[in-house]
Every structure is written in structure tokens, then in C-alpha cells.
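Residue numbers 5 to 248, in the numbering used here, belong to the letters of the sequence shown in order. The next block holds one structure in the form of C-alpha cells; read it before the comments.
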Amino acid sequence: MDEQYDGIRDEIVENAKKNSVLYMANIGYNKETSVKAVEDAKKYDGVYAVVGIHPENVDDLDDDFKFIYELAKEPKVVAVGEIGLDYHYGGDAAKQKEIFVKQIQIANELGKPVVIHSRDADMDMLKILKENKIENGFVMHCFSSSTEVLKEVLKLGAYVSLAGPVTFKNARSLIDVAKLIPEDRLLIETDAPYLAPEPFRGKRNEAAYVVHTAQKIADLRECSLEKIAEITTRNAKRFYKIES
Ligand SMILES: [Zn+2]
């Protein structure tokens, strides 16, 4: 959880559970937030950690990846992420690619799946995914690309996760994406503290709000909210290898 939640973590987790959000993957984006994600996972039932270096944070990184190995050994660390490419906010592209591939290798060595962040980088992302086999599965988090890119990543075995933007008025291609993702590859998320779904757009996001994203996806796929809850829970447990 982001530092915006300092002091109210108990409340955030409680709120989520009150809204039937029973499992949460809490994602780090640098060393400090990865350490915190693991602390939160140890503290709360149903909260798991994902550790990694986000492409926006590669410029100030030394070559010491040991912390990822150390953190990822913790039993409640279920994946390496968010890692990937961001040509909108991120720094040097060559460095982003290098750190991304290195972290894919770490995930493979540790037997963990990968949570991928990709923004304005479709072609380079597809190239890296084709050239570097991710051995334990990957999810395109907060998917925001076209239906063509969706088809490509699905062919490579991706899970695809949708966040608040599918509820926005200008969702455009995400509407088609939400209908096209196969039932056994769909995940949902908050991307908290960002991208709160309608009717909370612009506010600080939190896990409880994911219900609104699920409802919108249910409407688009013409099925019940319960059905979306059931399939995304089942998919997330399979992807992250959560047994209970
Ligand atoms: Zn991201």
C-alpha cells in the first residue's frame, strides 16, 4: 500500500473485507515500497505482496537486485512486479528494458509469476515478451492497449487485469477489451491509490472500490457481479498460487 495509506491501513483492509474483497495483492514499485508490501502481507490475512522495480524507478537504481531475491523468498510474496516499460513517464528506454529483462530472469529463477506494467510501449513490450520466456505466468496489469495488442498478449499466455478506467466515460477500446478477455484470463484490480473507478473518479482509490469495476465488467459481459467476482477470484488464486 502506498504511503498515502499510512495510519489507515487497518481501515483500508477492513473496508475491503466489508465489501467482500477478501484477497488483495499489494504491489511494490521500488525497494522501500516492496519492503512495506511484505510487512503488510505479514500483518493482514488475505493480503499478499508483489515486489519489484517499476520502470519509472530504474534511473536511480544501482545494480543491486539482492533485495528482490531476499524479499521474494517470503511465503506471502506471490509475484515479481510491477515491472515493465513506461515510455510515458519512464526514463531511459535502454535501461528500462535491461532492468525489466533482469527481473523476468529473477522471477523465473524463483518460480514466481510476473506483474507487468506497460504504457505507450506496445511494440517493445511484445518484442521482449516474445524473446524472453516468462516461465510461471504473467499478467498485463491495468491493461490500456488496443484489442490487437490484447490478442497478441493472450497468444503469449497473458492474464489481463482491468482497473477503474473501464468505468470511465471515455473508456473506448477498453469496452471491447473487457468483452474479449477469455473467462479464464480475466483479473481485476484497483491500481490504488490511482485510477479510482466511477463514481469515485479523481479520488484516492482503495481496494473496496474494485466492486464498481467488477460491476461495470459484469454489465459489459452481460453477466452477474457474482459471476465476475467468482471467476476473477478463481483466476487470481490460480495465477498467484494462493491455496486457501
Ligand atoms: Zn502500473
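Think of the CB as a built atom: it goes at the ideal place given N, C-alpha and C, for glycine as much as any other residue.
| Check | Outcome |
| --- | --- |
| Going by the C-beta, is E193 closer than 6 Å to any heavy atom of ligand 1? | no |
| Where I12 and E135 are concerned, what is the direct C-alpha to C-alpha distance, given to the nearest angstrom? | 42 Å |
| For G95, which residues from the same chain have a beta carbon less than 7 Å from its beta carbon, with the 5 sequence-adjacent residues on both sides left out? | V62 and D63 |
| Is DSSP giving D6 helix, strand or coil here? | coil |
| Hey, V55 and A41 are a contact pair by Cβ (cut 8 Å); roughly how many whole angstroms apart? | 6 Å |
| Taking 6 Å as the cut-off, does the CB of E60 come closer than this to any heavy atom belonging to ligand 1? | no |
| Between the Cα of A222 and the Cα atoms of A97, T171 and K245, which residue gives the shortest distance? | T171 |
| Could you have a look at T210 and say whether DSSP puts it in helix, strand or coil? | Residue identity differs from the one stated: residue 210 is Glu in this sequence, not Thr. Note: E210 maps to coil in three-state DSSP. |
| Beta-carbon separation of A212 and L229 under 7 Å? | no |
| Between L158 and R189, which are expected to be in contact by the criterion C-beta below 8 Å, what is the C-beta distance as a whole number of angstroms? | 7 Å |
| Residues near ligand 1, CB to any non-hydrogen atom under 6 Å, in chain order? | E86, H121, H145 and C146 |
| CA-CA distance, D10 and N239? | 30 Å |
| Output yes or no for whether 7 Å exceeds the beta carbon distance between L253 and M129. | Outside the shown range of the chain, which is 5 to 248, sits residue 253, and nothing can be said about it. |
| By alpha-carbon positions, which one of H216, I232 and A196 ends up nearest to I16? | A196 |
| Between which two residues does the alpha helix (DSSP H) harbouring Y73 extend? | K70 to A76 |
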